[in-house]
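Some notes on the structure that comes next.
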Amino acid sequence: MQTCREKRKKHQDASVNFSEFSKKVSERWKTMSAKEKGKFEDIAKADKAHDKLPCENKAAKLKEKYKNNIAAYSVKGKPDAVKKGVVKAEKSKKKKEEEDEEEDDEDEEDDDEE
Numbered sequence: 005m006q007t008c009r010e011k012r013k014k015h016q017d018a019s020v021n022f023s024e025f026s027k028k029v030s031e032r033w034k035t036m037s038a039k040e041k042g043k044f045e046d047i048a049k050a051d052k053a054h055d056k057l058p059c060e061n062k063a064a065k066l067k068e069k070y071k072n073n074i075a076a077y078s079v080k081g082k083p084d085a086v087k088k089g090v091v092k093a094e095k096s097k098k099k100k101e102e103e104d105e106e107e108d109d110e111d112e113e114d115d116d117e118e
């Protein structure tokens, strides 16, 4: 690819069909010696290492943040949002029980009328 970029700089006005381009690149790669390929493989390794570095740094930061959050959670206990959710769930259960009791009372009244 690197040699293709160099040639492209020389012939900027030429239009390129991708299928033809890939065939030519493939043919050139097959005919290259190991020494010539080594140059490009070294460039590819350097690019790969360069691209991998930001991802590793970000992953390390996220891991550290996660550990801090876990430590804070274990010290504090449940966060407020979770506590509120539990309270709301308990309230809704009570309301549901009250509604069920009211329905039962209504059913009993209907039975008494008959």
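The opening position of the sequence shown corresponds to residue 5 in our numbering, with each subsequent residue numbered one higher. Glycine included, each C-beta is placed from N, C-alpha and C at the ideal position.
Which residues in the same chain have their Cβ closer than 7 Å to the Cβ of residue i, if we skip the five residues on either side of it in sequence?
i: F25; result: none
i: D51; result: none
i: K80; result: none
With a threshold of 6 Å on Cβ separation, who are the neighbours of residue i within its own chain once the five nearest residues in sequence on each side are excluded?
i: C59; result: none
Among residues of its own chain, excluding the 5 on either side of residue i, which ones have a beta-carbon nearer than 8 Å to its beta-carbon?
i: T76; result: First, the amino acid is wrong: residue 76 is Ala here, not Thr. There are no such residues.
i: D55; result: none
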